[in-house]
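Engineer: Please see the structure below; I have some questions.
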Amino acid sequence: MNDYKTLTPAISVAGQLQPGDMQALAEAGFHTVINNRPDGEGEDQPASEALAEAAAEAGLRYYYLPITPGEISDDQIQRFGQLLADNRAPVMAFCRTGNRSSTLWALSQSSRLDPQTVLATTTAAGYDLEKQRSRLEQRWQQGQGADAPRRSPANDWDVLIIGGGAGGLAAAASLLKRRPSLNVAVVEPRDTHYYQPAWTLVGAGAFRRRDTARPMTQVMPRGSKWIRARVAGFDPERNQVILDDGDRLGYRALVVAPGLELDLDAVEGLRDSLGHNGVTSNYLFEHAPYTWECVQNLKHGRALFTQPPMPIKCAGAPQKAMYLSCHHWEQRGALPNIDVHFHNAGEALFGVADFVPPLMEYVQRYSATLNFRSTLKAVDAGHRKAWFVDKDQDGNAREREESFDLLHVTPPQKAPAFVADSPLANGNGWVDLDPATLQHPRFANVFALGDAAGTSNAKTAAAVRKQAPVLAGNLLSVLDGRSPGAAYDGYGACPLTVEKGKVILAEFGYQGVLQPTFPLAPTQARSLYWWLKAKAMPRIYFDLMLKGHEWLTGPTK
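Residue numbers (the numbering used here): 16 to 572.
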């Protein structure tokens, strides 16, 4: 088979193909072939009938849409576009050199893609279509005219983004900053966007809950379309997303960023216990203020804090709740009367060893008891009882009952079912990704970031801030027919609030490599970092990250 050029992940073009090439195309992953060269144009040219027969034997769909050079009609353009829409991708279109096929693609897409994008795509593939510019501009203007049909959720999109959380909105903003002409839609069922990193501070009386919530309409990046709908599944073979009402959305490229789900039902009795008799969680918007209420009311007794098996969003948040509560009790003189326990399903206080010694100093200062390999199994708020499964180093398990006056629970967490049960998932249910490029290994036009991404970095908003520019650059490269060139190094930041007014700013990448932003000892608690956490980061989030301003986020190459 002769060399072919990829225009988008959905279509490639080539010069004259032979019947013997069809099996190779099938093995390369193609599903559809379109022949744009009229029979009899060249002496050594195989007949369309022979090509169709070979394609059928290879399991490929074959279409004959002959084009005479320089005579491409509007009907032929429409027919070509319809073939792309109706058939399984990727598609291989061919003619004598590939030029007619690339021209057909450009003209068929010109009513929804601006001429600059179309010409950049074909030029990158080696086809100079500058002479088609006037026709492309005319079709683009017609497609944007007042009488043109308005887009609806049933239309195709250049980029479809699943999720209106930190990852989805940051990706949309970064993409539109680079290419404002993109047709971008964000699928998100909720009407409110939450700044979740501040909920730990809400649970310590240091932040107002109402300041963590904004209407989705206020945070949606300029130039993007908000589709308020729920996703039921993915059909990446057809470049489609399935909604829960059965409708389908098409895309040229897909960004999966739905976040993760709190699995409240994984702990028996937890759902009914939350918000009652001292059972609370900073991981839920509605219960973070109750944490502060419980902390203020507790003068003596037993306080339990839990951390489930990884992965979870913001792995330091479970112990942050403990430190801030203990600091309040210490300031009020109540700490000696409170028996504090931290139950961690893991085997270490923190996943990056450099930060364990300074954290242990606070554990000892607050006289907290650490319980490793200890997982919350059940809760009975009415009787103020909790049950844990403890494992020894050999994996032997035993169940233990604990009484409590305050129980702060970090719920187990999982990927959304529509991700975990989809062709996009890895063996653990998260979106399968290349950890550097954030590109799916099997579907080249699918990318992901944020909490649902199957990467080993910390699941934090700071990680999203670094991921979004990498994803945006790589996704546009793929749309332009080039290979991804930017790399994400696993950066994540966890501001460990060890007392009210001081933070240890843990910044690290893949394999726990320290990546401090500031030229200061990274393991020391500082009041500067408290200001950064409580005052600067919310502004950076809303006014910079969600608007495509990429401060200190340059990707590696």
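In this text, a Cβ means the ideal position worked out from N, Cα and C, and glycines have one as well.
Run through the DSSP bridge pairs and tell me what THR215 is partnered with.
Structural biologist: As a first step, residue 215 must be located in the sequence shown, where it is residue number 200. DSSP output for THR215 lists no bridge partner at all.
Engineer: Can you tell me the Cα-Cα spacing of PHE557 and VAL234, whole angstroms?
Structural biologist: As a position in the sequence shown, residue 557 is number 542, starting the count at 1. As a position in the sequence shown, residue 234 is number 219, starting the count at 1. For PHE557 and VAL234, the distance between alpha carbons rounds to 8 Å.
Engineer: Use the C-beta contact count for ASN489: other C-beta atoms within 10 angstroms, 16 or more gives buried, fewer gives exposed.
Structural biologist: Start at 1 with the first residue of the sequence shown, and residue 489 comes out as number 474. When all chains shown are included, ASN489 counts as buried.
Engineer: Using only CA atoms, which one of ASP436, ARG194, GLY179, GLY218 lies nearest to GLU203?
Structural biologist: Reading the sequence shown from its first residue, position 188 is the one you call residue 203. Selected option, being the one with the closest Cα: GLY179.
Engineer: Nearest to THR118 by alpha carbon, out of LEU491, THR83, GLY290, ALA104?
Structural biologist: On the sequence shown, residue 118 is found 103 positions in, with the first residue counted as 1. The candidate whose alpha carbon is nearest that of THR118 is THR83.
Engineer: Quick one, are the C-beta atoms of ALA477 and TRP445 less than 8 Å apart?
Structural biologist: Taking the sequence shown and counting its residues from 1, the one referred to as residue 477 is at position 462. Taking the sequence shown and counting its residues from 1, the one referred to as residue 445 is at position 430. No, the Cβ-Cβ distance between ALA477 and TRP445 is not below 8 Å.
Engineer: Roughly how many whole angstroms lie between the Cα atoms of ALA65 and PRO53?
Structural biologist: Against the sequence shown, residue 65 aligns to sequence position 50. Against the sequence shown, residue 53 aligns to sequence position 38. Rounded to the nearest angstrom, the two C-alpha atoms are 13 Å apart.
Engineer: Between the Cα of PHE403 and those of GLU414, ALA396, ARG127, spot the shortest distance and give me the residue it belongs to.
Structural biologist: One-based indexing of the sequence shown puts residue 403 at position 388. Per the Cα distances, GLU414.
Engineer: Going straight from the alpha carbon of ALA200 to that of ALA244, what length do you get?
Structural biologist: As a position in the sequence shown, residue 200 is number 185, starting the count at 1. As a position in the sequence shown, residue 244 is number 229, starting the count at 1. If you take the alpha carbons of ALA200 and ALA244, they lie about 11 Å apart.
Engineer: Am I right that CYS329 and THR475 are in contact with their C-beta atoms under 8 Å? What's the rounded C-beta distance?
Structural biologist: By 1-based counting over the sequence shown, the position of residue 329 is 314. By 1-based counting over the sequence shown, the position of residue 475 is 460. Rounded, the Cβ-Cβ distance is 5 Å, consistent with contact.
Engineer: Locate the alpha helix (DSSP H) running through ASP287, then write down its first and last residues.
Structural biologist: By 1-based counting over the sequence shown, the position of residue 287 is 272. 285–288 is the extent of the alpha helix (DSSP H) around ASP287.
Engineer: Measure the alpha-carbon distance for ASN472 versus PHE433 and round it to whole angstroms.
Structural biologist: In the sequence shown, the residue the question calls residue 472 occupies position 457. In the sequence shown, the residue the question calls residue 433 occupies position 418. Roughly 22 Å between the two C-alpha positions.
Engineer: Pick out whichever of GLN311, ASP173, PRO236 has its Cα sitting closest to the Cα of ALA219.
Structural biologist: In the sequence shown, residue 219 corresponds to position 204, counting from 1. Ranking GLN311, ASP173, PRO236 by Cα distance to ALA219 puts GLN311 first.
Engineer: Given SER389, which residues of its chain have a CB within under 6 Å of its CB, disregarding the five upstream and five downstream residues?
Structural biologist: Residue numbering aside, residue 389 sits at position 374 when the sequence shown is read from its first letter. The residues are HIS358, PHE403, ASP405.
Engineer: For the alpha helix (DSSP H) holding ARG205, just list the boundary residues, first then last.
Structural biologist: Here the question's residue 205 lines up with position 190 in the sequence shown. Taken as a continuous stretch (DSSP letters only), ARG205 belongs to no alpha helix (DSSP H), as it is neither H nor E.
Engineer: Please go through the same chain and pick out, in chain order, the residues whose beta-carbon is closer than 8 Å to the beta-carbon of GLU72, but skip the five residues on each side of it.
Structural biologist: Walking along the sequence shown from the start, residue 72 turns up at place 57. The answer, listed in chain order, is MET37, GLN38.
Engineer: Of all the options ARG541, ASP495, ALA487, which has the alpha carbon lying nearest to the alpha carbon of LEU511?
Structural biologist: Start at 1 with the first residue of the sequence shown, and residue 511 comes out as number 496. Nearest of ARG541, ASP495, ALA487 to LEU511, Cα basis: ARG541.
Engineer: Within the continuous beta strand (DSSP E) that includes MET325, where are the two ends?
Structural biologist: On the sequence shown, position 310 is the one that residue 325 refers to. Counting along the chain, MET325 falls outside any beta strand (DSSP E), and DSSP gives it neither H nor E.
Engineer: Taking only the alpha-carbon atoms, compute the straight-line gap between ASP260 and ASP173 and give it to the nearest angstrom.
Structural biologist: Walking along the sequence shown from the start, residue 260 turns up at place 245. Walking along the sequence shown from the start, residue 173 turns up at place 158. Each residue's Cα considered, the two are about 22 Å apart.
Engineer: The alpha helix (DSSP H) that contains TRP445, what's its start and end?
Structural biologist: The residue given as residue 445 occupies position 430 in the sequence shown. Per DSSP, TRP445 belongs to no alpha helix (DSSP H) and is neither H nor E.
Engineer: Do you know offhand how far ASN114's Cα is from ARG148's?
Structural biologist: Residue 114 sits at position 99 when you count from the first residue of the sequence shown. Residue 148 sits at position 133 when you count from the first residue of the sequence shown. Each residue's Cα considered, the two are about 15 Å apart.
Engineer: Please list the segments of the beta strand (DSSP E) lying wholly inside the stretch 216–304, counting only runs of 3 or more residues, in order along the chain.
Structural biologist: Taking only runs of at least 3 residues, the beta strand (DSSP E) segments lying wholly in the stretch 216–304 are 228–230, 239–242, 246–250, 255–258, 263–271.
Engineer: Taking the CB atoms as reference points, tell me whether LEU486 and PHE462 lie closer together than 8 Å.
Structural biologist: Taking the sequence shown and counting its residues from 1, the one referred to as residue 486 is at position 471. Taking the sequence shown and counting its residues from 1, the one referred to as residue 462 is at position 447. Result yes, Cβ atoms of LEU486 and PHE462 sit closer than 8 Å.
Engineer: Where does GLY507 fall in DSSP's three states?
Structural biologist: Along the sequence shown, read from residue 1 onward, the residue named residue 507 stands at position 492. The answer is strand: DSSP assigns GLY507 an E or B state.
Engineer: Between which two residues does the beta strand (DSSP E) holding ARG415 run?
Structural biologist: On the sequence shown, residue 415 is found 400 positions in, with the first residue counted as 1. 412–418 is the extent of the beta strand (DSSP E) around ARG415.
Engineer: Exposed or buried, which one is ALA383 when buried takes at least 16 other CB atoms within 10 Å?
Structural biologist: One-based indexing of the sequence shown puts residue 383 at position 368. By the neighbour-count rule (16 or more Cβ atoms within 10 Å), ALA383 is buried.
Engineer: Kindly provide the ranges of any beta strand (DSSP E) runs that are 3 or more residues long and lie completely inside the stretch 114–174, ordered along the chain.
Structural biologist: Listed in chain order, there is nothing to give.
Engineer: Whose C-beta lies closer than 6 Å to the C-beta of ALA163 among residues of the same chain, with five residues either side of it excluded?
Structural biologist: The sequence position of residue 163 within the sequence shown is 148, counting from 1. With a pLDDT of only 43 at ALA163, under the threshold of 50, the placement of this residue in the model should not be trusted, and no figure is reported.
Engineer: Have a look at HIS564 and ALA181 and give me their C-alpha separation to the nearest angstrom.
Structural biologist: Your numbering for residue 564 matches position 549 in the sequence shown. Your numbering for residue 181 matches position 166 in the sequence shown. Distance between the alpha carbons of HIS564 and ALA181: 14 Å.
Engineer: Let's see if you can read the secondary structure: which residues bound the beta strand (DSSP E) around ALA560?
Structural biologist: For the purposes of this step, residue 560 is identified with residue 545 of the sequence shown, where counting begins at 1. It is worth fixing the name first, because residue 560 is Met in this sequence and not Ala. Where MET560 is concerned, there is no enclosing beta strand (DSSP E), given that its DSSP letter is neither H nor E.
Engineer: Report the CB separation of LEU22 from LEU175 in whole angstroms; it is logged as a contact under 8 Å.
Structural biologist: Locating residue 22 in the sequence shown gives position 7, counting from the first residue. Locating residue 175 in the sequence shown gives position 160, counting from the first residue. No, LEU22 and LEU175 are not in contact; Cβ-Cβ is about 19 Å, not under 8 Å.
Engineer: Quick check on MET337: buried or exposed, where buried means 16 or more other Cβ atoms within 10 Å of its Cβ?
Structural biologist: Position 322 of the sequence shown, counted from the start, is the residue given in the question as residue 337. MET337 comes out buried.
Engineer: Measure from the alpha carbon of GLY361 to the alpha carbon of each residue in ALA393, LYS550, TRP307, PRO427, then state which is nearest.
Structural biologist: Residue mapping note: residue 361 aligns to position 346 of the sequence shown, counting from 1. Among ALA393, LYS550, TRP307, PRO427, the Cα nearest to that of GLY361 belongs to PRO427.
Engineer: I'd like to know whether the C-beta atoms of GLN31 and PHE109 end up nearer to each other than 8 Å.
Structural biologist: Here residue 31 corresponds to residue number 16 of the sequence shown, with the count starting at 1. Here residue 109 corresponds to residue number 94 of the sequence shown, with the count starting at 1. Cβ atoms of GLN31 and PHE109: closer than 8 Å.
Engineer: Kindly indicate the opening and closing residues of the beta strand (DSSP E) around ALA108.
Structural biologist: As a first step, residue 108 must be located in the sequence shown, where it is residue number 93. Its beta strand (DSSP E) spans residues 106–109.
Engineer: Mind checking GLU56: buried by the 16 CB within 10 Å criterion, or exposed?
Structural biologist: Locating residue 56 in the sequence shown gives position 41, counting from the first residue. So GLU56 counts as exposed.
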